[in-house]
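In the working numbering, the protein residues as written are 6 to 476.
Here it is, written out as C-alpha cells:
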C-alpha cells in the first residue's frame with residue numbers, strides 16, 4: 006500500500022507541474038533510471054509512473070529518446086473505461102459481421118482501417134523477394150522437400166537468439182514453427198482443452214481468437230480489462246475455479262494496444278502456475294513497441310514451463326508468408342504430435358527466407374523505421390480524431406502495436422457507421438466484433454499500419470462526419 010501511494014504521489018507531482026506549465030510542452034522528462042535513482046524506487050515502479058502519465062495524455066515516449074511532455078494533453082480525449090463483461094461464459098458470435106469485415110481483405114478500392122496488418126508500403130518487400138530467391142537457391146532440392154517437424158533450424162536459432170532481448174533465454178529446441186501465430190494458438194488450445202472446457206480471455210479481444218475458441222467447442226469467459234495495464238488480476242483470480250486455460254495478449258493487445266506492466270505479468274504467471282492452469286501467450290505485437298525497449302513477456306517469468314509463448318512475423322514483416330512459432334514449455338510433446346497430424350511440415354522456402362533476414366540484422370533496421378512510422382501515425386490519428394470526431398469521443402493509449410480503440414458517445418452504433426462508411430469506400434472494425442457479449446456497440450478499432458497521406462486524413466475526417474450524423 007505504501008509503495009502504491011508513493012508511485013501515485015510522484016506521478017501526481019509530475020502531472021501538476023506539467024498542468025501548471027512548470028514543465029512545458031515538448032520538454033524531455035528524466036529517464037526511467039534517473040527517476041528511479043532520484044526517488045529511491047525500483048525501475049518497474051518508475052515505469053509505472055510514466056504509464057500513468059501516458060494514460061492521462063500528459064507524456065509520450067519516443068523510441069531511443071525518452072519521455073516528453075505531450076501536446077496531446079490539450080486535445081482532451083478521455084481514456085475508455087475498464088471493460089465490465091458479465092462473468093458468464095458466452096458464445097454469441099457476430100458471424101455475419103466478422104465475415105463481412107474480413108471479406109474486404111485485399112480490396113484495393115477500400116481504405117482498410119479494419120484489417121490489423123501493416124500495409125505493404127511499410128514493409129521491406131524488395132528485400133524479402135531477394136531472400137525468397139536466395140532460399141530457393143541454397144535449400145536442398147530448391148526448398149521442395151519437407152522441413153523437419155520442428156521447423157527450419159536457422160529460423161529457430163534466430164528466434165531463440167532474439168529472445169534474449171526480453172529475457173526469454175530460449176534454445177532452438179524449445180521452439181516449434183507454425184503457419185502463423187493463429188496456427189500456433191490453435192495447436193495450443195487443441196493440446197490443452199476439450200469441447201466444453203472454459204478459456205479466459207481479455208475483453209475486448211481479437212475476433213480471430215473468439216472464433217477459434219468457439220470452433221473448438223470451448224466456453225469463453227471474458228475478463229474485465231484496463232485500457233492501459235491490461236486484464237484485471239482480481240477479476241481473473243475470482244474466475245480461476247471455473248477456467249481450464251487462459252489466453253492473453255499482454256504486449257500491445259489488439260484492439261486496446263496496452264502493455265501489461267512487468268509486475269502484473271509476473272503475478273499472473275505465478276497465480277496460474279499455482280492453480281495448474283496453462284497460459285497461452287500471444288506475443289505477435291511484442292516487437293512493435295513505441296518506448297525505448299522491447300517489453301518482457303509472460304514467458305520471461307515462467308519457471309515451470311506452464312507458459313506457451315506464441316508469435317510470428319505476420320505483424321512486422323510479411324503477413325502472407327504465414328511464418329509463426331510457439332515455445333510450448335512442458336507441453337512440447339503434445340504440440341509436436343498435433344503439428345504432425347494437422348500440418349506435417351511448414352513451408353521450407355519462406356521459413357528459410359525469414360531466417361536469413363533475421364540473421365543479417367536487416368530486420369532490426371526495418372523495425373526501427375517501422376516503429377517510428379507507426380508511432381507518428383498514432384499521433385496523427387489522434388489529432389484528426391480530436392478535430393473531427395464527436396465531442397465526448399474516447400480513445401485508447403497504445404504503447405505499441407497496430408491498433409487504436411475508439412469509443413464514441415452512447416447512441417452511435419458502429420455497425421451502422423461501418424455500413425455507411427463502406428458505401429464511401431472506407432472499412433472499419435466495429436466494436437461488437439471484439440466480444441461475444443452485448444457490449445462495445447459504440448466502439449471501433451482503427452488500424453494505424455497504413456501509410457499516412459492527405460487522403461487518409463480526409464477519410465478520418467469523413468468518418469468523424471458520418472459519426473456526428475448518427476448522434
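Beta carbons are placed, not taken as given, at the ideal position from N, Cα and C, and that holds for glycine. All figures in this text were calculated on a predicted structure; none of them were measured in a lab.
Endpoints, beta strand (DSSP E) assigned at residue 267: Premise fails: residue 267 lies in the alpha helix (DSSP H), 267 to 279, not in any beta strand (DSSP E).
Coarse secondary structure for residue 230, derived from DSSP in three states: DSSP places residue 230 within a strand segment (E or B) once states are collapsed to three.
Work out the CA separation of residue 279 and residue 127 for me, nearest whole Å. 43 Å
Compare the beta carbon distance of residue 204 and residue 218 with 8 Å and say whether it is the shorter of the two. It is a contact, given that the beta carbons lie within the stated cut-off.
Nearest-angstrom beta carbon gap, residue 359 and residue 160 [assumed within contact, 8 Å]: Rounded to the nearest angstrom, the Cβ distance from residue 160 to residue 359 is 6 Å, consistent with a contact under 8 Å.
Here's the rule I'm using: 16 or more other beta-carbon atoms within 10 Å means buried, otherwise exposed. How should residue 382 be labelled? buried
Which residue comes first and which comes last in the beta strand (DSSP E) that contains residue 448? 448 to 452
Taking the alpha-carbon positions, what's the residue 135 to residue 353 distance? 16 Å
Candidates 347, 324, 42 and 186: which alpha carbon is nearest residue 123's? 324
Extent of the continuous alpha helix (DSSP H) to which residue 331 belongs: Premise fails: residue 331 lies in the beta strand (DSSP E), 329 to 332, not in any alpha helix (DSSP H).
Residue range of the beta strand (DSSP E) that includes residue 317: For residue 317, the enclosing beta strand (DSSP E) covers residues 312 to 317.
How would you call residue 258, buried or exposed, if buried means at least 16 neighbouring beta carbons within 10 angstroms? buried
Could you tell me if residue 228 is buried or exposed, where buried requires 16 or more neighbouring beta carbons within 10 angstroms of its beta carbon? buried
Alpha-carbon spacing of residue 447 relative to residue 92, whole angstroms: 21 Å
Which same chain residues end up closer than 8 Å to residue 458 when comparing Cβ atoms and leaving out the 5 residues on each side of it in sequence? Taking residue 458 as the centre and dropping the five residues before and after it, the same chain places no C-beta closer than 8 Å to its C-beta.
Where in the segment 87 to 115 do unbroken runs of the alpha helix (DSSP H), each at least 4 residues long, occur, reported from the N-terminal end onward? 100 to 107
Exposed or buried, which one is residue 133 when buried takes at least 16 other CB atoms within 10 Å? Counting Cβ neighbours within 10 Å, residue 133 comes out buried, since at least 16 surround it.
Hey, would you say residue 409 sits closer than 8 Å to residue 400, going by beta carbons? yes
Separation of residue 65 from residue 32, as counted between CA atoms: 11 Å
Please classify residue 266 as buried or exposed, where buried requires at least 16 neighbouring CB atoms within 10 angstroms. buried
Reference residue 462; option with closest CA among 208, 385 and 435: 385
State the DSSP-derived secondary structure class of residue 6, mapped to helix, strand or coil. Residue placement at residue 6 is poorly supported in this model, since its pLDDT is 39, which falls under 50; the coordinates still yield a value, given next. Residue 6 falls in the coil class under three-state DSSP.
With distances taken between CB atoms, is the gap from residue 398 to residue 390 smaller than 8 Å? yes
Could you check how far apart the C-beta atoms of residue 332 and residue 413 are, in whole angstroms? I think they sit under 8 Å. Here residue 332 is actually not in contact with residue 413; their C-beta atoms are around 39 Å apart, not less than 8 Å.
Smallest Cα separation from residue 433: which of 12, 103 and 90? 103
How is residue 171 classed by DSSP in three states: helix, strand or coil? The answer is helix: DSSP assigns residue 171 an H, G or I state.
6 Å Cβ shell around residue 335 - same chain, five flanking residues per side excluded: 310
Run through the segment 133 to 209 for me and flag every whole beta strand (DSSP E) of 3 or more residues, listed as ranges in chain order. 181 to 183 and 203 to 207
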